[in-house]
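Here the structure comes first, spelled out in structure tokens, and everything after it is commentary.
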Amino acid sequence: MHRLARPRWVVPALAVAALAQLGAVVDRGAKVYAAEVKNINDLQLVTAEWLVAHTTPDARIATNDIGALAFFTGRFIVDTEGLVTPEAIKPKRARKLVPFLESQRPDLLVIFPEWYPELSSRTDILTEVAHFSAERVVAGGSTLVVYRMPWSRPEALRGVSAPIR
3 MHRLARPRWV
13 VPALAVAALA
23 QLGAVVDRGA
33 KVYAAEVKNI
43 NDLQLVTAEW
53 LVAHTTPDAR
63 IATNDIGALA
73 FFTGRFIVDT
83 EGLVTPEAIK
93 PKRARKLVPF
103 LESQRPDLLV
113 IFPEWYPELS
123 SRTDILTEVA
133 HFSAERVVAG
143 GSTLVVYRMP
153 WSRPEALRGV
163 SAPIR
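This note's numbering puts the first residue of the sequence shown at 3, with every later residue one more than the last.
Here is the structure:
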């Protein structure tokens, strides 16, 4: 028994145990990362592809999830959360986004409706033209909805007149 407890056996045994533990953590992390990438691809990337196909390069898109949409569309983005459009912060906090959006004149609004229940219920000014859903893993919600605005410029939109499902 004394012979097994010697440091020359303990250190290698602990190293093997640590490597096994590290391997399990890396394997789990890789699976979580893969699920997160799939979630972004299934939701934001698909929405961005739709926007590219249905808008002209000069279209203005208002959205609360700017990352993939801004990167993959190359469109002008009005950020309703205020990260890149800081003037949106006060209207968002005051729950008065309609006047802000009217001042910015986006051609389309793309939001997670649960983030903006008062805004998404405004069927008098918003017309849903598309929505994209995926199981929520890392995205801000499970469904992104695309709305046409009353001031949307027809010349900036390609075939966005009736709801698309």
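Every residue, glycine too, gets a C-beta built ideally from N, C-alpha and C.
Contacting residues, own chain, Cβ-Cβ under 6 Å from residue i (five flanking each side not counted)
i, result
"Q106", "V80"
"R116", "Looking at the sequence provided, one finds Glu at residue 116 rather than Arg. Closer than 6 Å at the Cβ level, and outside the excluded window around E116, lie G143."
"R10", "none"
Cα-Cα separation between residue i and residue j, rounded to whole angstroms
i, j, result
"E104", "R30", "46 Å"
"I127", "T87", "22 Å"
"E38", "D44", "10 Å"
"V148", "A26", "40 Å"
"S123", "A17", "58 Å"
"V13", "A20", "10 Å"
"V162", "V112", "14 Å"
"L85", "D67", "10 Å"
"E120", "R97", "8 Å"
"A32", "R155", "44 Å"
"L146", "H56", "16 Å"
"Q46", "V28", "26 Å"
"V54", "R77", "8 Å"
"A22", "A36", "21 Å"
"T137", "Y118", "Here the sequence assigns Glu to residue 137, which means Thr is not the residue at that position. Going by the C-alpha atoms only, they are around 20 Å apart."
"L24", "S135", "35 Å"
"F114", "K40", "18 Å"
"A15", "R95", "56 Å"
"W153", "T129", "11 Å"
"V34", "T125", "37 Å"
CB-CB length for residue i against residue j, believed under 8 Å
i, j, result
"D60", "A132", "Contact flag wrong, Cβ pair sits at about 20 Å."
"T75", "R160", "T75 to R160, Cβ: 13 Å. No contact."
"L99", "T82", "6 Å"
Same chain only: Cβ atoms within 7 Å of residue i, ignoring 5 sequence neighbours per side
i, result
"P108", "R62, I63, A64, V80 and M151"
"F102", "A90 and P93"
Beta-carbon contacts of residue i that lie in its chain and below 8 Å, excluding the five residues immediately before and after
i, result
"R167", "Interpretation of R167 is limited by its pLDDT of 38, a score under 50 that renders its predicted location unreliable; the figure taken from the coordinates is listed afterwards. Around R167: A132 and H133."
Inspect the CB distances between the segment 48-55 and the segment 68-78 and report whether three or more fall short of 8 Å.
yes
Along the chain, which unbroken stretches of the beta strand (DSSP E) at least 3 residues long are found entirely within the segment 43-97?
62-65 and 78-81
Sequence ranges, beta strand (DSSP E) only - wholly within the segment 105-160, length at least 3
Here the runs fully enclosed are 110-113, 129-135 and 145-150.
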